[in-house]
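Going down the list, the protein sequences come from chains A and B. When we follow the working numbering, the leftmost residue of the first sequence carries the number 1, and every step to the right adds one. When we follow the working numbering, the leftmost residue of the second sequence carries the number 118, and every step to the right adds one. Built from N, CA and C at the ideal position, the CB exists for glycine as well. Since the structure comes first, as structure tokens, the remarks are kept for the end.
2 protein chains.
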Amino acid sequence: MEVKVTEIEIEKAGIVLKLLGDKTRLAMMKLLEKNDCCVCEFVEIFGISQSAISQHLRKLRDVGLVKEKRKGQWIFYSLNKDSDMFEMVLRILEFIPSQDERLEELEKQGLRISCEI
Amino acid sequence: MEVKVTEIEIEKAGIVLKLLGDKTRLAMMKLLEKNDCCVCEFVEIFGISQSAISQHLRKLRDVGLVKEKRKGQWIFYSLNKDSDMFEMVLRILEFIPSQDERLEELEKQGLRISCEI
DNA sequence: TGAACATATAAGTATATGCTGATATGATTC
DNA sequence: GAATCATATCAGCATATACTTATATGTTCA
Numbered sequence: 001m002e003v004k005v006t007e008i009e010i011e012k013a014g015i016v017l018k019l020l021g022d023k024t025r026l027a028m029m030k031l032l033e034k035n036d037c038c039v040c041e042f043v044e045i046f047g048i049s050q051s052a053i054s055q056h057l058r059k060l061r062d063v064g065l066v067k068e069k070r071k072g073q074w075i076f077y078s079l080n081k082d083s084d085m086f087e088m089v090l091r092i093l094e095f096i097p098s099q100d101e102r103l104e105e106l107e108k109q110g111l112r113i114s115c116e117i
Numbered sequence: 118m119e120v121k122v123t124e125i126e127i128e129k130a131g132i133v134l135k136l137l138g139d140k141t142r143l144a145m146m147k148l149l150e151k152n153d154c155c156v157c158e159f160v161e162i163f164g165i166s167q168s169a170i171s172q173h174l175r176k177l178r179d180v181g182l183v184k185e186k187r188k189g190q191w192i193f194y195s196l197n198k199d200s201d202m203f204e205m206v207l208r209i210l211e212f213i214p215s216q217d218e219r220l221e222e223l224e225k226q227g228l229r230i231s232c233e234i
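This is the structure:
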């Protein structure tokens with residue numbers, strides 16, 4: 001069973017793979033696969049500075065892997081389904097174990113932002 | 118149609134993705150998908166030093182993505198099908214355009230090593 | 001055995017990367 | 001408008017990375 005797939009320029013694919021080749025960004029992307037998250041949640045989850053998180057998200061956004069939407073004072077990030085790399089990204093994320101328990105931890109601590117503006 | 122896939126520890130997946138996130142190594146892996154190649158062929162194809170090629174191959178070998186087999190004076194590299202990352206690697210390579218014309222170039226120049234020892 | 005070829009390793013360098021702390025920008029709420 | 005919270009950006013630093021040149025190791029063949 002051969003499934004045909006949309007090829008991506010090798011340079012572009014390389015850029016995406018390099019981005020995913022960082023453990024923080026890879027976990028972020030896996031989380032975003034099933035959940036929209038805001039910056040402050042990532043800060044809690046990964047235990048690195050807000051600045052560092054912001055810089056990771058900027059890189060992901062710059063190549064179009066994620067997009068942002070402001071909701072009140074928060075900015076929520078989500079996977080950009082319109083990216084021409086989206087299919088490849090999803091395929092890769094299939095191999096990554098769920099990171100959702102990290103969000104559930106947050107929930108327990110009452111730090112999950114669930115914003116319904 | 119949901120195809121189940123063998124998950125990989127996120128740390129390990131990150132290492133593999135980082136390795137594939139270099140344009141030279143990514144092209145190497147795509148070439149190796151369909152062909153076994155030796156170091157000197159890669160040197161011609163990529164136009165970087167033999168040392169650099171050797172170092173890339175070492176990294177790929179160190180994490181088990183490729184394996185080597187000596188044939189006379191040459192050492193041929195091939196994808197390591199026994200790697201637990203093999204499935205993920207193949208899935209990723211599906212998105213990469215064939216690099217075989219680079220080998221065909223070599224062939225034209227008479228630089229392709231076809232060793233039948 | 002020695003010359004030629006193929007590959008690996010060592011050492012050094014320039015650049016890229018991921019992080020921190022400080023500061024700027026923007027939204028909310030009093 | 002001031003205080004507070006969320007996010008982005010800037011500057012600086014330590015480490016990682018990809019490359020080069022030089023050298024070592026291993027193979028072939030005269």
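Practice prompt. Indicate whether the contact test is met: 3 or more Cβ pairs, each with one atom in the stretch 92–104 of chain A and one in the stretch 58–67 of chain A, closer than 8 Å.
Written response: With the rule of 3 Cβ pairs closer than 8 Å, the stretch 92–104 of chain A does not count as touching the stretch 58–67 of chain A.
Discussion item. Can you confirm whether Gly-164(B), when its beta carbon is compared against all beta carbons of chain A, has any partner nearer than 7 Å?
Written reply: Counting from one through the second sequence, the residue named residue 164(B) turns up at place 47. Put simply, the CB of Gly-164(B) is far from chain A, with every gap to its CB atoms at 7 Å or more.
Worksheet item: So which residues of chain A does Gly-131(B) contact, with C-beta pairs closer than 8 Å?
Response: Position 14 of the second sequence, counted from the start, is the residue given in the question as residue 131(B). Taking a Cβ-Cβ cut-off of 8 Å, the neighbours of Gly-131(B) in chain A comprise Leu-20, Gly-21, Asp-22, Lys-23 and Leu-26, given in sequence order.
Worksheet item: In this structure, does DSSP put Ser-74(B) in helix, strand or coil?
Response: Residue 74(B) lies beyond the range of chain B shown here (118 to 234); nothing can be said about it.
Worksheet item: Is the CB of Val-180(B) under 7 Å away from at least one CB in chain A?
Response: As a working mapping, residue 180(B) is identified with position 63 in the second sequence. So, not an interface residue.
Worksheet entry | Residue from Val-39(A), Gly-21(A), Asn-35(A) and Phe-76(A) whose Cα sits closest to the Cα of Glu-104(A) | The residue given as residue 104(A) occupies position 104 in the first sequence. The residue with the shortest Cα to Cα distance from Glu-104(A) is Asn-35(A).
Worksheet entry | Cα-Cα separation between Phe-203(B) and Leu-177(B), rounded to whole angstroms | Here residue 203(B) refers to the residue found at position 86 of the second sequence. Here residue 177(B) refers to the residue found at position 60 of the second sequence. Rounded to whole angstroms, the gap between the alpha carbons of Phe-203(B) and Leu-177(B) is 12 Å.
Worksheet item: Within 7 Å (strictly less), CB to CB, does Met-88(A) reach chain B?
Response: Along the first sequence, read from residue 1 onward, the residue named residue 88(A) stands at position 88. By this cut-off, Met-88(A) is an interface position.
Worksheet item: Start and end of the beta strand (DSSP E) containing Ile-75(A)?
Response: Here residue 75(A) refers to the residue found at position 75 when the first sequence is read from its first residue. Residues 74–79.
Worksheet item: So Ile-125(B) and Lys-23(A) are in contact, right, with Cβ under 8 Å, and what is the actual spacing, rounded?
Response: Taking the second sequence and counting its residues from 1, one reaches residue 125(B) at position 8. Taking the first sequence and counting its residues from 1, one reaches residue 23(A) at position 23. About 13 Å; that fails the 8 Å criterion.
Practice prompt. If I'm right that Tyr-194(B) touches Leu-149(B) with Cβ under 8 Å, what's the distance once you round it to whole angstroms?
Written response: As a working note, residue 194(B) is residue 77 in the second sequence. As a working note, residue 149(B) is residue 32 in the second sequence. Beta-carbon to beta-carbon, Tyr-194(B) and Leu-149(B) are separated by about 6 Å, close enough to satisfy the 8 Å threshold.
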